[in-house]
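From first to last, the protein sequence lines stand for chains S and U.
Per our numbering, the first sequence starts with residue 1, numbered consecutively.
Per our numbering, the second sequence starts with residue 1001, numbered consecutively.
Here a beta-carbon is modelled for each residue, glycine too, at the ideal position from N, C-alpha and C.
Notes to accompany the following structure.
There are 2 protein chains.
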Amino acid sequence: MITDNVVWHEPMVKRADRASRQGHNSAVLWFTGLSGAGKSTIAHAVEYELHSMGCHTYVLDGDNVRHGLCGDLSFSADARSENIRRIAELGKLFVDAGVIALSAFISPFREDRRRAKKLLGDDMLEIHCACSLQECERRDVKGMYKRARRGELADFTGISSPYEIPEHADLIIHTDQDSIQECTRKVLDMLLQRGIINDQHLQASTVKDAPAV
Amino acid sequence: MITDNVVWHEPMVKRADRASRQGHNSAVLWFTGLSGAGKSTIAHAVEYELHSMGCHTYVLDGDNVRHGLCGDLSFSADARSENIRRIAELGKLFVDAGVIALSAFISPFREDRRRAKKLLGDDMLEIHCACSLQECERRDVKGMYKRARRGELADFTGISSPYEIPEHADLIIHTDQDSIQECTRKVLDMLLQRGIINDQHLQASTVKDAPAV
Chain S
1 MITDNVVWHE PMVKRADRAS RQGHNSAVLW FTGLSGAGKS TIAHAVEYEL HSMGCHTYVL
61 DGDNVRHGLC GDLSFSADAR SENIRRIAEL GKLFVDAGVI ALSAFISPFR EDRRRAKKLL
121 GDDMLEIHCA CSLQECERRD VKGMYKRARR GELADFTGIS SPYEIPEHAD LIIHTDQDSI
181 QECTRKVLDM LLQRGIINDQ HLQASTVKDA PAV
Chain U
1001 MITDNVVWHE PMVKRADRAS RQGHNSAVLW FTGLSGAGKS TIAHAVEYEL HSMGCHTYVL
1061 DGDNVRHGLC GDLSFSADAR SENIRRIAEL GKLFVDAGVI ALSAFISPFR EDRRRAKKLL
1121 GDDMLEIHCA CSLQECERRD VKGMYKRARR GELADFTGIS SPYEIPEHAD LIIHTDQDSI
1181 QECTRKVLDM LLQRGIINDQ HLQASTVKDA PAV
């Protein structure tokens, strides 16, 4: 019988227990940068490596969050801010769950990222995917820049809405200069330095065997 | 160099890859029932067992969701509905991430649970923590029923707002009749039947060694 004195709601399995079982620590790798800067690409490349090393990962991006959890939000300033708040909260849950979460959203505003940082503290590693607007616009994978230039998209970051460059990013990767492999390696090196993964993980890295670019 | 033809956004690490690495499948164990019915208690007891078996789990409950991701929501009918929508979306992400998620919320309305089921499909296992209102009120761990009876809490489930009993629950556990261990065992048996865990996991179960009740 469950009786009054057995209501132990508190988790018996804690973050440290999960880290111990997984063999690595957790964090939120917060990729930020212009549309087309390569956030999702690098996030998935890093995930591929981490998974190969035996780490438990998950990428949060427009595809699985914007249409789902945040499907009720528009792209107004307030809604974008709420979007980032939820992503930060989501990241917090994944970190607590022992997963290395990789979030890939433009997240253009310092104030929103500052709030995320306040919530996540050292668990948030801000990675600035630095890429010139010119190069992002040249790529224009989804044709969004052309539409924004034609005035069809309001508040498009870089064109009709500002991108506020991170002032204290944990890592800057230059996706218009370095290869995917080089960018990926820099992220993995940071994870080693921050104690999220260890030397043994890195030795298992297949970074050179990543899908050909 | 990242060039136009290398924008492989799609995940290279998929749900099946995570399941393979973890050695078990994922699901959302959706505990529903009155306040005081033992949802969190059983969820944490099941998590303890699953973790002991080497499974990767995470409990979503009021403590980590209501104050965080859903901290902006009130307890109005609309807000409660939105709360459940977000929890379902959250569950979907955890399932995709390869984690066995255990959600412990009253979730009193059939329509809300139906929407969650529509989103999650077979990944959602609805577990009705059946416990008489009389017994829940007798326990009244947080003194909420007393407050509700005094009229201090509007829309309190069971008192001033209905609890709609699941018509097609995947499992019913009688938390006013069976012990925590018995309830836990029934949940584990269901997970075995549904192929979320396997015989080897269950053999590693320490259900008899769970914290003394």
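- Contact note: Arg1086(U) reaches chain S through Leu69, using a C-beta cutoff of 7 Å and chain order.
- In this structure, the beta-carbon distance from Asp170(S) to Ile127(S) falls below 8 Å.
- Contact between Ala1037(U) and Ile1180(U) is absent: CB atoms are separated by about 13 Å, not below the 8 Å threshold.
- Scanning the region 1013–1058 of chain U from its first residue to its last, the whole alpha helix (DSSP H) runs of 4-plus residues come out as 1015–1022, 1039–1052.
- Assigned with DSSP and collapsed to three states, Ser160(S) falls in coil, not helix or strand.
- The shortest C-alpha to C-alpha distance from Ala1116(U) to any of Ile1084(U), Arg1139(U), Gln1134(U) is the one to Ile1084(U).
- One Cα belongs to Ile1197(U), the other to Met1053(U), and the distance between them is close to 9 Å.
- Taken in chain order, the members of the region 1046–1061 of chain U whose beta-carbon sits within less than 8 Å of a beta-carbon on chain S are Glu1047, Tyr1048, His1051, Gly1054, His1056, Thr1057, Tyr1058, Val1059, Leu1060, Asp1061.
- Of the other Cβ atoms in all chains shown, 16 or more fall within 10 Å of the Cβ of Ser103(S); this residue is therefore buried.
- Here the alpha carbon of Phe75(S) sits roughly 12 Å from the alpha carbon of Pro108(S).
- Residues of chain S with a Cβ closer than 8 Å to the Cβ of Lys1186(U) do not exist; the shortest Cβ-Cβ separation is about 14 Å.
- For Val1187(U) and Glu1135(U), the gap between their C-alpha atoms comes out near 22 Å.
- Contact holds between the region 56–70 of chain S and the region 1087–1100 of chain U, because three or more Cβ pairs, one in each stretch, are under 8 Å apart.
- For Ala130(S), the three-state secondary structure derived from DSSP is strand.
- The DSSP-derived three-state label of His1168(U) is coil.
- Annotation for Ser103(S): the continuous beta strand (DSSP E) segment containing it runs 100–104.
- In terms of CA proximity to Ser1040(U), Val1059(U) leads the group Ala1130(U), Ser1160(U), Val1059(U).
- Excluding residues up to 5 positions away in sequence, Phe1075, Ser1161 lie with their Cβ nearer than 7 Å to the Cβ of Asp1155(U) in the same chain.
- Chain U has no Cβ within less than 8 Å of the Cβ of Asn25(S).
- At a cut-off of 8 Å between beta-carbon atoms, Pro1166(U) makes no contact with chain S.
- In this structure Cys1129(U) does not touch Gly1195(U) by the C-beta definition: roughly 23 Å separates them, more than the 8 Å allowed.
- Shown here, Asp78(S) sits in a helix according to DSSP, grouped into three states.
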